[in-house]
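There are 2 protein chains.
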Amino acid sequence: MSETSPEYILERMSHPLIDELSEHLTPRAISLKKGDFLFQQGQSVKYIYYLLQGRITLNRSTIEGAKVILHVALAGDTLAEASLFSEQYHCSAKVDATAKLIGFKKSEVLQYLDSSPQFMKQLLAILASQVRELRSLNEIKNIRSAQERILAYIRIENRINIENLSLKDIAYKIGLTHETFYRELRKLEKSGQISRSDSMIKLII
Amino acid sequence: MSETSPEYILERMSHPLIDELSEHLTPRAISLKKGDFLFQQGQSVKYIYYLLQGRITLNRSTIEGAKVILHVALAGDTLAEASLFSEQYHCSAKVDATAKLIGFKKSEVLQYLDSSPQFMKQLLAILASQVRELRSLNEIKNIRSAQERILAYIRIENRINIENLSLKDIAYKIGLTHETFYRELRKLEKSGQISRSDSMIKLII
DNA sequence: CGAGTCGTTGAACGGAATCAATCGTCGTGG
DNA sequence: CCACGACGATTGATTCCGTTCAACGACTCG
C-alpha cells in the first residue's frame, strides 16, 4: 500500500463529496493490485474510500458460510461510507482489477462532520441523490429487453460517458453481459438511435 | 385526499426515520386510489412521504418526451426524501394500487434538521444504510439464475417477511416475474432449502 | 516481448418471460 | 347484504432472447 499523495488525486473527475473532503482533510493515496484486500469483514473501520480506477468487489460471509456479493465498486464509486457509522466493516473488499483509491480517516471525517453542519447537510444531499440514482439503476434492471434497458439508461443519465468507465463496466452496471451490450449498441447505432464518439454515447433526438 | 390522522399511522411497522419524525412533527395521513397522483414532476416540494400500503410508480418525462420509470415504491419505502434538498419534484408519483401514506411537511423537517444535529446524524446513517441495501439489491439482479437470486436475497436479508409485502411485490423487488418466483419458491421448498410460514420465508441451515 | 484485458463477432442453448387460465379472497358499491 | 370486480397466488405450455462458450485482433502495461 503506497502512502504518497501522487498527482492522480488531483486529476480525478469531480465528485461533490470527495471535492469537499479533499479541501478540508488530507487525502491518502492507495494503490492495490488484483487479489489484495482493501479491508476485511469484521475489521474496525479506520478509513472511508473513493475509487479512482479499478474494480473492487464487496462480499459478505453469511452465517451459513456462503459468500454473497454485496456490490462491485467501479471507478467513481465511494466505498464504506455506510461504515462511517459502524464500528466494523460489515463486508470484505477484494480487488478485482488494479485499483487506485483515495482514503480519508474516518475519525477526521466524523470530526469535520461535527464541526460543520453545512457539510453535514451537503453529505445528506449527496446520499439522498445516491439513493435516487441507485433506485433508477434498480428499476432499469427490471426492463427485460436489452435494447430498451440501454435506452432507458441513457435517457436517465442523459448520456454515457465512456472516458472513466469501460463498456464492460457499464454493461455490468446495467446488468447485461458485455457481449449483448456490444451487440445492442451496434444495432442502436446502425438504426440511428444513438451516436458514439470515443468519449460519449448519446441519444439521437 | 383525506387529512385525518387515523389509527393506521400508529399501527405501521417500525422505521427509524419515520419513528423519529412522528415523535417530533405532526404526521399527515393520506389515502389515494389507483390512478391518483401524489405529486407531479415540476411541482414545488411541500411534503416528503412514507408509504404504508399500496404501490406508487415514480416516473420522469425526459426531454425527448419519453417516460422512464425511476422507481416503484412499495410498502415500507420512503418517497421524495431526495427532494428534501430540491425545490421541485423531479418526477411524478402515480398510484398503482390503493395507497396509504404518511406525509411530513418539508419545511418542518428541514427546520427540525437544523435544530437537531443529532437527528441529522441519524438521518445520515439511515440514508447510508439505504445506499448499502440498494447496492445489494442491484447486485442480486446480476445473478441470472432465478433460484440463486432468491437464495442470495434471503441470505442478505436473513429472512423474507411476507406480512407487509406480497409475494408479487417481492418478485418485483428482486427483478423476477411473479410466476417464476412462485415456481422457484415451490422448488426450493420441495428440495428442503427453505421453509415457509404465512409470515416468513427462511433458509434451512 | 508477453500477459492480460477490452472490444468484437459467431453459434447454440437454456431458462426465464410470456400468455393463458383458474381459484380464492377481499373490498365495495348498488 | 350479496354480487361483482379486482387482485394475489398458482400452474401449464410455448417462445424467444439474452447468456454462454469460443475465438480473435488490438492495445496497454510491466
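Protein sequences, first through last, are from chains P and L.
Residues in the first sequence are numbered consecutively from 104, following this note's numbering.
Residues in the second sequence are numbered consecutively from 104, following this note's numbering.
The beta-carbon is built from N, C-alpha and C at its ideal position, and this holds for glycine as well.
Same chain only: Cβ atoms within 8 Å of residue 275 (chain P), ignoring 5 sequence neighbours per side | 175, 177 and 281
Beta-carbon gap between residue 256 (chain L) and residue 127 (chain L) smaller than 8 Å | no
Reference residue 258 (chain P); option with closest CA among P:265, P:291, P:305 and P:138 | P:305
Assuming residue 198 (chain L) contacts residue 141 (chain L) (C-beta within less than 8 Å), just tell me the rounded distance between them.
-> In this structure residue 198 (chain L) touches residue 141 (chain L) by the C-beta definition: roughly 7 Å separates them, less than 8 Å.
Min CB distance residue 231 (chain L) to chain P below 8 Å = Closer than 8 Å: yes.
In its own chain, which residues sit with a C-beta less than 6 Å from the C-beta of residue 288 (chain P), not counting the 5 before and 5 after it?
-> Excluding positions up to five away in sequence, the list is empty.
Helix, strand or coil for residue 174 (chain L), going by three-state DSSP, please let me know.
-> The answer is strand: DSSP assigns residue 174 (chain L) an E or B state.
List the whole-angstrom C-beta distance separating residue 124 (chain L) from residue 239 (chain P), where the pair is believed to meet the contact cut-off of C-beta under 8 Å.
-> That pair is no contact at about 25 Å.
Check whether the region 217-232 of chain L touches the region 215-229 of chain P, taking contact to mean three or more Cβ pairs, one atom from each stretch, closer than 8 Å.
-> yes
Which chain P residues are close to residue 185 (chain L), counting only those with a beta carbon under 7 Å from its beta carbon?
-> 231, 232, 234 and 235
So, using beta-carbon positions, are residue 205 (chain L) and residue 121 (chain L) closer together than 8 Å?
-> yes
Is residue 147 (chain L) helix, strand or coil when you go by DSSP?
-> strand
Return the chain-ordered ranges of every alpha helix (DSSP H) run that is complete within the region 256-305 of chain P and spans a minimum of 4 residues.
-> Whole alpha helix (DSSP H) segments, 4+ residues: 270-276 and 281-293.
Are the beta-carbon atoms of residue 245 (chain P) and residue 195 (chain P) separated by less than 8 Å?
-> no
Which residues in the same chain as residue 164 (chain L) place their Cβ atom closer than 7 Å to its Cβ, once the five residues preceding and following it in sequence are excluded?
-> 144 and 170
In terms of DSSP beta bridges, what is residue 198 (chain L) paired with?
-> L:159
Given residue 166 (chain P), which residues of its chain have a CB within under 8 Å of its CB, disregarding the five upstream and five downstream residues?
-> none
Which of helix, strand or coil DSSP assigns to residue 249 (chain L) | Of the three classes helix, strand and coil, the one that applies to residue 249 (chain L) here is helix, per DSSP.
Residue 153 (chain P) versus residue 202 (chain P): straight-line alpha-carbon distance, rounded | 10 Å
Where does the unbroken alpha helix (DSSP H) through residue 210 (chain P) begin, and where does it stop?
-> That run of the alpha helix (DSSP H) goes 209-218.
Neighbour list for residue 220 (chain P) in chain L, Cβ cutoff strictly below 8 Å = 217, 220 and 223
Residue burial classification, residue 107 (chain P) (beta-carbon count within 10 angstroms, cutoff 16) | Note that residue 107 (chain P) scores a pLDDT of 45, beneath 50, so its modelled location is shaky and nothing firm can be said.
Min CB distance residue 188 (chain P) to chain L below 8 Å | yes
Kindly list the residues whose CB is nearer than 7 Å to the CB of residue 180 (chain L), restricted to its own chain and excluding five residues on each side of it in sequence; keep chain order.
-> 154
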